[in-house]
Every structure is written in structure tokens, then in C-alpha cells.
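Since the structure comes first, as C-alpha cells, the remarks are kept for the end.
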Amino acid sequence: MIGQGVIPQRWHPLADQVASESLKAFLETVRGAYAKDVARMPSHADYVAHVCGQVPVHA
Numbered sequence: 001m002i003g004q005g006v007i008p009q010r011w012h013p014l015a016d017q018v019a020s021e022s023l024k025a026f027l028e029t030v031r032g033a034y035a036k037d038v039a040r041m042p043s044h045a046d047y048v049a050h051v052c053g054q055v056p057v058h059a
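Per the numbering used here, the very first residue in the sequence shown carries number 1; after that it's consecutive.
The following block contains the structure:
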């Protein structure tokens with residue numbers, strides 16, 4: 001929410017209850033999921049070419 005001008009003054013106390021190894025494992029899972037999604041997406045140039053009706057750059 002920082003982008004909307006809402007600046008937190010502190011974190012939620014429950015955040016201190018999460019073991020660092022659990023947090024690391026969770027964040028690695030999230031990173032992996034994002035990486036899989038990104039790998040399936042076209043490049044920016046190919047997407048723009050498709051939307052604009054032009055031949056993709058990497059065709």
C-alpha cells in the first residue's frame with residue numbers, strides 16, 4: 001500500500017512468530033510459481049507485436 005501513500009509504522013506481531021526457515025521455504029515456493037508463469041509468457045516485443053497485429057520479432 002506504500003504506492004497509495006499508506007506507510008506502515010510497524011509490522012504485525014504475528015510476523016515475529018514465523019520461523020525464518022518456514023518463511024524462506026514459502027518465499028522460494030512463491031518465487032518458483034512466478035518463474036513458471038513468466039516462462040510461459042511471451043516476450044514484451046512478441047506481445048506488443050501480437051496486440052498490434054504485426055509479425056512477432058522471434059518468428
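A virtual CB, placed ideally from N, CA and C, is assigned to each residue, including glycine.
query	result
Which of helix, strand or coil DSSP assigns to His12	coil
Rounded straight-line distance, which links the Cα of Val30 to that of Ala42	The sequence as given places Pro at residue 42; Ala does not occur at that position. Their Cα atoms are separated by approximately 20 Å.
First and last residue of the uninterrupted alpha helix (DSSP H) at Gln39	Per the sequence presented here, residue 39 reads as Ala, with Gln not at that position. Looking at the DSSP string, the run of the alpha helix (DSSP H) that includes Ala39 is Ser20 to Arg40.
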